[in-house]
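Trainee: Have a look at this one before I ask anything.
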Amino acid sequence: MTVLVLVEHAENRPDRLSLEALSVAASLGEPGEALVIGRWSTELAGGLAGRGIGAVHVVDDPRLAEFAPVAWAASLAQLAAERSAAIVIAAGSDRGNEVMAHIGARLDLPMAANVTEILGGEPLRLVRQRWAGSLLEESTLDAPTKLLTIAPHAVAVPEAAAGAAPAVAMFAPQLSDADLAVAVARRLEPDLSGVSLADARVVVGGGRGVGSPEGFADLEELAGLLGAAVGVSRVVTSQGWRPHTMQIGQTGMRIAPDLYIACGISGAIQHIVGARAAKRILAINTDPEAPIMAVADYAVIGDLHQVVPAISAEVRRVTGR
Amino acid sequence: MNILVCVKRVPATGGKIVLTADAQDIDTRFLGFTISPHEECGVEEAVRIVEAHTGSSTVLTLGPEVASEQLRDAMAIGIDNAVLLQTDGADWDAYATAGAIADAIRELEAQAGAFDLILFGNEAADTGDFQVGIRVATALGRPVVSGVKGIAAADGRVEARREAAGGGWEVFDLAMPAVLGVKEGLNLPRYPSVPGRLRARKKEIRTITPARRSGGPTKERLRLPEGTESQVEVIGQGAAAAPAVVELFRKLGVLGR
Chain Z
170 MTVLVLVEHA ENRPDRLSLE ALSVAASLGE PGEALVIGRW STELAGGLAG RGIGAVHVVD
230 DPRLAEFAPV AWAASLAQLA AERSAAIVIA AGSDRGNEVM AHIGARLDLP MAANVTEILG
290 GEPLRLVRQR WAGSLLEEST LDAPTKLLTI APHAVAVPEA AAGAAPAVAM FAPQLSDADL
350 AVAVARRLEP DLSGVSLADA RVVVGGGRGV GSPEGFADLE ELAGLLGAAV GVSRVVTSQG
410 WRPHTMQIGQ TGMRIAPDLY IACGISGAIQ HIVGARAAKR ILAINTDPEA PIMAVADYAV
470 IGDLHQVVPA ISAEVRRVTG R
Chain H
60 MNILVCVKRV PATGGKIVLT ADAQDIDTRF LGFTISPHEE CGVEEAVRIV EAHTGSSTVL
120 TLGPEVASEQ LRDAMAIGID NAVLLQTDGA DWDAYATAGA IADAIRELEA QAGAFDLILF
180 GNEAADTGDF QVGIRVATAL GRPVVSGVKG IAAADGRVEA RREAAGGGWE VFDLAMPAVL
240 GVKEGLNLPR YPSVPGRLRA RKKEIRTITP ARRSGGPTKE RLRLPEGTES QVEVIGQGAA
300 AAPAVVELFR KLGVLGR
């Protein structure tokens with residue numbers, strides 16, 4: 170049984186979510202095969218050693234230098250057919266889900282997104298996420314080729330085992346103009362300002378309890394003192410108090426700081442899934458029964474507009490800032 | 060410009076999910092329902108495009124009769140027409156849903172002409188399948204891009220942009236008719252006005268009975284993930300807790316510099 174994994178990469182390293190996909194493929198117990206689209210390098214080969222991959226197929230085609238979802242899907246589908254792959258896996262990234270959906274649509278096959286476990290059997294038994302991981306679905310997939318994506322950050326990535334880099338073979342897919350019709354036409358540079366939510370060691374989050382756009386001044390002051398980023402819950406962006414780029418949650422950003430300070434946030438499941446990767450959560454809330462308390466490690470019960478300024482004053486006193 | 064936006068009715072789950080005794084569904088007896096978040100932005104975008112370019116907007120959903128509530132919510136903020144692909148309320152997987160929607164679009168377009176743009180949510184809040192829009196686009200032979208957070212449509216083309224993995228934006232330029240999977244953050248949806256709600260209540264909803272193709276994956280049961288709850292330590296009350304909080308910062312090594 171051949172298992173084929175689409176490996177996304179940047180700067181000559183496989184992406185974290187693709188390593189997670191390889192980790193699930195390896196759980197099936199046989200050497201898998203990988204497809205890499207883009208420039209091949211010995212460094213990238215090294216990054217795939219010890220990951221349960223026996224062979225890597227490389228599509229190095231200048232027409233695919235920029236992302237083209239249908240052409241990527243055509244490449245992966247043609248390779249899957251040539252290798253008689255029984256299971257085809259991609260990362261639960263934007264591209265992984267998109268490419269796999271295109272294969273499902275082209276081949277008229279079902280596709281299971283956000284899989285966390287492959288249990289085996291025929292039809293194939295799976296566990297997959299609903300509600301971004303707040304709920305799990307046990308299901309079966311009955312298809313000649315099983316198309317799966319792996320839920321992001323739900324699977325551990327072990328240290329690479331000792332071993333040589335996998336064998337490499339070039340693969341040249343047949344691509345039509347229609348396959349290449351949808352592709353990135355141009356790029357816009359990021360606008361970089363302030364501490365990035367995705368990378369921050371400390372995040373100060375505000376929810377409905379902040380009460381107004383002006384109410385964020387207290388949170389911003391504490392964030393400034395701690396070198397933290399400020400994030401918000403969905404109610405804050407839907408009220409227009411802060412932009413969506415600051416939103417933490419299922420339809421916003423996933424954060425993974427050392428400490429998340431959740432102020433005036435009740436803790437809807439859609440918010441929690443965005444903050445679950447925080448090492449510690451401190452909740453500041455007037456309601457000791459709020460759902461956030463079920464996931465918080467520490468809590469201060471009280472009005473954030475009294476508690477947060479007092480914390481800022483104490484940080485100043487202790488640090489002399 | 061004629062725009063179709065497809066939406067899904069999902070429960071507003073709040074702080075905790077409770078399952079039915081047979082573990083087949085979420086117990087929604089005490090829950091409200093809403094349009095899945097990405098699709099709320101799709102509805103708003105459809106209204107804005109028609110406001111800017113004239114034309115008409117249509118909202119479509121596949122679901123039970125009560126899903127007409129979500130169609131009326133969309134009409135209350137300015138969508139012109141509504142179509143319900145009425146089911147008995149059972150789960151339809153992404154494969155079956157996409158097949159039924161493609162059938163319905165062919166029927167609607169045969170009568171009233173092609174939709175220039177068809178908007179889907181990037182993925183539904185509940186099942187998170189990431190594929191219905193792409194399947195429909197493929198069935199109709201139209202270009203499609205997912206993850207869209209910016210749309211500019213004019214002169215038969217649409218420019219769609221989405222966030223790039225390493226920061227910044229990827230921009231796609233598609234010929235219309237086209238299909239887009241949109242994400243929250245595309246715009247800030249407006250709230251319905253009272254007159255808007257009253258108008259929506261009187262509008263007609265076209266009902267179609269869809270044919271179901273079996274596809275999969277097939278749900279066997281649902282379960283809640285284990286061990287996600289922590290034991291919370293209350294370290295203080297009100298402003299008096301500040302010294303204990305700063306001591307915690309020191310212990311966690313986040314007091315900095």
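Just so you know, the sequences run in chain order Z and H.
Quick note on numbering: the first sequence equals residues 170 to 490 in my numbering.
Quick note on numbering: the second sequence equals residues 60 to 316 in my numbering.
Cβ coordinates follow ideal geometry from the N, Cα and C atoms, glycine included.
Owing to the predicted nature of the structure, the values given are computational and were not obtained by experimental measurement.
Does Z/P359 have its Cβ less than 7 Å from a Cβ in chain H?
Mentor: Looking up residue 359 of chain Z in the first sequence gives position 190. It does: the Cβ of Z/P359 has a partner Cβ on chain H nearer than 7 Å.
Trainee: For H/V253, does the count of other Cβ atoms within 10 angstroms reach 16, so buried, or fall short, so exposed?
Mentor: Working through the second sequence from its first residue, we reach residue 253 of chain H at position 194. H/V253 is classed as exposed because its beta carbon has fewer than 16 other beta carbons within 10 Å across all chains shown.
Trainee: For the alpha helix (DSSP H) containing Z/G215, name the first residue and the last one.
Mentor: Within the first sequence, numbered from 1, the residue matching residue 215 of chain Z stands at position 46. Its alpha helix (DSSP H) spans residues 211–216.
Trainee: Along the region 139–159 of chain H, where does the CB come closer than 9 Å to a CB of chain Z? Name the residues.
Mentor: When C-beta distances to chain Z are compared with 9 Å, the residues of the region 139–159 of chain H below that value are D152, A153, Y154, A157, in chain order.
Trainee: Residues of the region 337–359 of chain Z with a CB closer than 8 Å to any CB of chain H: list them in chain order, please.
Mentor: A350, V351, A352, V353, A354, R355, R356, L357, E358, P359
Trainee: By DSSP's criteria, H/W228 is part of a beta bridge. Which residues make up the other side?
Mentor: To locate residue 228 of chain H, count along the second sequence from 1; it is residue 169. Answer by DSSP bridge pairing, in chain order: Z/L357, H/E222.
Trainee: By Cβ distance, which residues of its chain are closer than 7 Å to Z/G418, with the 5 residues on each side in sequence left out?
Mentor: Locating residue 418 of chain Z in the first sequence gives position 249, counting from the first residue. Hits under 7 Å: S402, R403, Q439, H440, V442, G443.
Trainee: Select from H/N140, H/G122, H/G73, H/A212 the residue whose C-alpha is nearest the C-alpha of H/K261.
Mentor: The count along the second sequence starts at 1 and reaches residue 261 of chain H at position 202. The shortest Cα separation from H/K261 among H/N140, H/G122, H/G73, H/A212 belongs to H/N140.
Trainee: Sorted by chain position, which residues of the same chain lie with C-beta nearer than 6 Å to H/G295's C-beta, five sequence neighbours on each side aside?
Mentor: As a position in the second sequence, residue 295 of chain H is number 236, starting the count at 1. Contacts found: A303.
Trainee: In chain H, which residues lie with their C-beta within 9 Å of the C-beta of Z/I470?
Mentor: Position 301 of the first sequence, counted from the start, is the residue given in the question as residue 470 of chain Z. Within chain H, the residues near Z/I470 are V293, G295, Q296, G297, A300.
Trainee: What's the C-alpha gap between H/P70 and H/F92?
Mentor: Residue mapping note: residue 70 of chain H aligns to position 11 of the second sequence, counting from 1. Residue mapping note: residue 92 of chain H aligns to position 33 of the second sequence, counting from 1. Each residue's Cα considered, the two are about 4 Å apart.
Trainee: Hey, quick one: how far does the alpha helix (DSSP H) through H/G187 stretch, first residue to last?
Mentor: Within the second sequence, numbered from 1, the residue matching residue 187 of chain H stands at position 128. Here H/G187 belongs to no alpha helix (DSSP H), and DSSP marks it neither H nor E.
Trainee: One question on the structure: do Z/V373 and Z/V399 come within less than 7 Å of each other, judged by their Cβ atoms?
Mentor: The residue you call residue 373 of chain Z lines up with position 204 of the first sequence. The residue you call residue 399 of chain Z lines up with position 230 of the first sequence. Yes. Within cutoff.
Trainee: Between H/S116, H/L233, H/P284, H/T117, which lies nearest to Z/E306 when the distance is taken from Cα to Cα?
Mentor: Taking the first sequence and counting its residues from 1, the one referred to as residue 306 of chain Z is at position 137. Considering only alpha carbons, the answer is H/P284.
Trainee: Given a cut-off of 7 Å, decide if Z/V296 and Z/T143 are closer than it, judged by their beta-carbon atoms.
Mentor: Within the shown structure, residues of chain Z are numbered from 170 to 490, placing residue 143 of chain Z beyond reach of any answer.
Trainee: Whole-angstrom Cβ separation of H/G180 and H/K278, contact assumed at under 8 Å?
Mentor: For the purposes of this step, residue 180 of chain H is taken as residue 121 along the second sequence, with counting starting at 1. For the purposes of this step, residue 278 of chain H is taken as residue 219 along the second sequence, with counting starting at 1. Incorrect: roughly 20 Å between the Cβ atoms, too far for contact.
Trainee: Between the alpha carbons of H/R258 and H/I136, how many angstroms are there, rounded?
Mentor: For this step, residue 258 of chain H is matched to residue 199 along the second sequence. For this step, residue 136 of chain H is matched to residue 77 along the second sequence. Rounded to whole angstroms, H/R258 to H/I136 spans 10 Å at the Cα level.
Trainee: If you draw a straight line from the C-alpha of Z/A330 to the C-alpha of Z/G201, how long is it?
Mentor: Against the first sequence, residue 330 of chain Z aligns to sequence position 161. Against the first sequence, residue 201 of chain Z aligns to sequence position 32. Annotation: Z/A330 to Z/G201 spans about 15 Å, alpha carbon to alpha carbon.
Trainee: Could you tell me whether the Cβ of Z/S303 comes closer than 7 Å to any Cβ of chain H?
Mentor: As a position in the first sequence, residue 303 of chain Z is number 134, starting the count at 1. Yes - at least one Cβ of chain H is within 7 Å of the one on Z/S303.
Trainee: Between which two residues does the alpha helix (DSSP H) holding H/R256 run?
Mentor: As a working mapping, residue 256 of chain H is identified with position 197 in the second sequence. Unbroken alpha helix (DSSP H) run through H/R256: 253–261.
Trainee: Where Z/R220 and Z/M339 are concerned, what is the direct C-alpha to C-alpha distance, given to the nearest angstrom?
Mentor: Taking the first sequence and counting its residues from 1, the one referred to as residue 220 of chain Z is at position 51. Taking the first sequence and counting its residues from 1, the one referred to as residue 339 of chain Z is at position 170. Distance between the alpha carbons of Z/R220 and Z/M339: 20 Å.
Trainee: Taking the alpha carbon of Z/P238 as the point to measure from, which residue in Z/E358, Z/W410, Z/E177, Z/S253 has its own alpha carbon closest?
Mentor: For the purposes of this step, residue 238 of chain Z is identified with residue 69 of the first sequence, where counting begins at 1. The alpha carbon of Z/P238 has as its nearest neighbour, out of Z/E358, Z/W410, Z/E177, Z/S253, the alpha carbon of Z/E177.
Trainee: Only counting the same chain, and skipping five residues up and downstream in sequence, which positions put a Cβ closer than 6 Å to that of Z/V324?
Mentor: Translated into positions along the first sequence, residue 324 of chain Z becomes position 155. Cβ neighbours of Z/V324 beyond the five flanking positions: E189, S192, V193.
Trainee: Would you say H/R201 and H/V238 are within 7 Å of each other, going by their C-beta atoms?
Mentor: Here the question's residue 201 of chain H lines up with position 142 in the second sequence. Here the question's residue 238 of chain H lines up with position 179 in the second sequence. Yes. Within cutoff.
Trainee: Look at the alpha carbon of Z/G290 and the alpha carbon of Z/S196, and state the distance between them as a whole number of angstroms.
Mentor: Against the first sequence, residue 290 of chain Z aligns to sequence position 121. Against the first sequence, residue 196 of chain Z aligns to sequence position 27. If I take the Cα positions, the gap works out to 14 Å.
Trainee: Would you say H/G274 and H/A196 are within 7 Å of each other, going by their C-beta atoms?
Mentor: Working through the second sequence from its first residue, we reach residue 274 of chain H at position 215. Working through the second sequence from its first residue, we reach residue 196 of chain H at position 137. One thing to note: H/G274 has its Cβ no nearer than 7 Å to the Cβ of H/A196.
Trainee: From the DSSP output, in three-state form, read off H/Y250 for me.
Mentor: Along the second sequence, one-based indexing puts residue 250 of chain H at 191. DSSP places H/Y250 in coil when its eight states are reduced to three.
Trainee: Nearest chain Z C-beta to H/K310 closer than 7 Å, yes or no?
Mentor: Your numbering for residue 310 of chain H matches position 251 in the second sequence. Not one chain Z Cβ lies under 7 Å of H/K310.
Trainee: CA-CA distance, H/T120 and Z/G376?
Mentor: Here the question's residue 120 of chain H lines up with position 61 in the second sequence. Here the question's residue 376 of chain Z lines up with position 207 in the first sequence. C-alpha separation (whole angstroms): 31 Å.
Trainee: Out of H/A223, H/G225, H/A234, H/I85, state which residue places its alpha-carbon closest to the alpha-carbon of H/V217.
Mentor: Translated into positions along the second sequence, residue 217 of chain H becomes position 158. Per the C-alpha coordinates, the member of H/A223, H/G225, H/A234, H/I85 positioned closest to H/V217 is H/A234.
Trainee: Rounded to the nearest angstrom, what separates H/A198 and H/A161 at their Cα positions?
Mentor: Numbered from 1 along the second sequence, position 139 holds the residue referred to as residue 198 of chain H. Numbered from 1 along the second sequence, position 102 holds the residue referred to as residue 161 of chain H. So the two alpha carbons sit approximately 7 Å from each other.
Trainee: So that I know if they touch, is there some Cβ in chain H lying closer than 7 Å to that of Z/R134?
Mentor: There is simply no residue 134 of chain Z to check, as chain Z begins at 170 and stops at 490 in what is shown.
Trainee: Count the other C-beta atoms from every protein chain shown that fall within 10 angstroms of the C-beta of H/P96, then say buried if there are 16 or more, exposed otherwise.
Mentor: The residue labelled residue 96 of chain H in the question sits at position 37 within the second sequence. Label assigned to H/P96: buried.
Trainee: Can Z/I461 and Z/A437 be called in contact, C-beta distance under 7 Å?
Mentor: As a working note, residue 461 of chain Z is residue 292 in the first sequence. As a working note, residue 437 of chain Z is residue 268 in the first sequence. Taking 7 Å as the Cβ cut-off, Z/I461 and Z/A437 do not qualify as a contacting pair.
Trainee: So, using beta-carbon positions, are Z/G261 and Z/P327 closer together than 7 Å?
Mentor: By one-based count along the first sequence, residue 261 of chain Z stands at place 92. By one-based count along the first sequence, residue 327 of chain Z stands at place 158. No, they are not a contact pair.
Trainee: For H/H97, return the contacting residues in chain Z, with the cut-off set at a CB-CB distance below 8 Å.
Mentor: In the second sequence, the residue the question calls residue 97 of chain H occupies position 38. Within chain Z, the residues near H/H97 are T420.
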